[in-house]
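Following: one structure in structure tokens, then a few remarks.
Here it is, written out as structure tokens:
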């Protein structure tokens, strides 16, 4: 009877230690592999989507503001200095406003479409 009790205690302790070590090593390896694969796939997809959206929004806002300001100033200076004889002041102002509006809308649409297609 003592031998059976001793063996049962010994086996339970041995099995608990063995299983805890084995399972901890196995689970740590399995989880590290699984997490690395999952995170690499998830992060690549998430980052590509996030960067595509972020870049399209950033580029559309930045380019529309920058280009509209720069081109309206450039066009107004150019049209006021080098305007042709048949262009009046009203026509030069109209052309400058029209082109600045067009050029502020076009760069905001184009960069938002381009990265989402090619990224």
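Residue numbers (UniProt numbering): 1 to 119. Heads up, the beta-carbon is just placed ideally off N, CA and C, and yes, glycines get one too.
Which residues in the same chain as residue 9 place their Cβ atom closer than 7 Å to its Cβ, once the five residues preceding and following it in sequence are excluded? Hits under 7 Å: none found.
Helix, strand or coil at residue 65 according to DSSP, with G and I counted as helix: DSSP places residue 65 in helix when its eight states are reduced to three.
In whole angstroms, give me the CA-to-CA distance for residue 32 and residue 3. So the alpha carbons of these two residues sit roughly 42 Å apart.
Integer Cβ distance of residue 95 from residue 71, believed to fall under 8 Å: Incorrect: roughly 11 Å between the Cβ atoms, too far for contact.
C-alpha distance - residue 91 paired with residue 57, whole-angstrom precision: Looking at the two C-alpha atoms, the distance is approximately 33 Å.
Just the Cα atoms here: how many angstroms apart are residue 15 and residue 38? 32 Å
Express the C-alpha separation of residue 44 and residue 54 in angstroms, rounding to a whole number. 15 Å
Whole angstroms are fine: how far does the CA of residue 12 sit from the CA of residue 24? 18 Å
Taking only runs that begin and end inside the stretch 4-74, name each unbroken beta strand (DSSP E) of 3 or more residues, in chain order. List check, beta strand (DSSP E) in window: nothing returned.
Residue nearest to residue 101 in terms of C-alpha spacing, selected from 65, 22 and 26: 65
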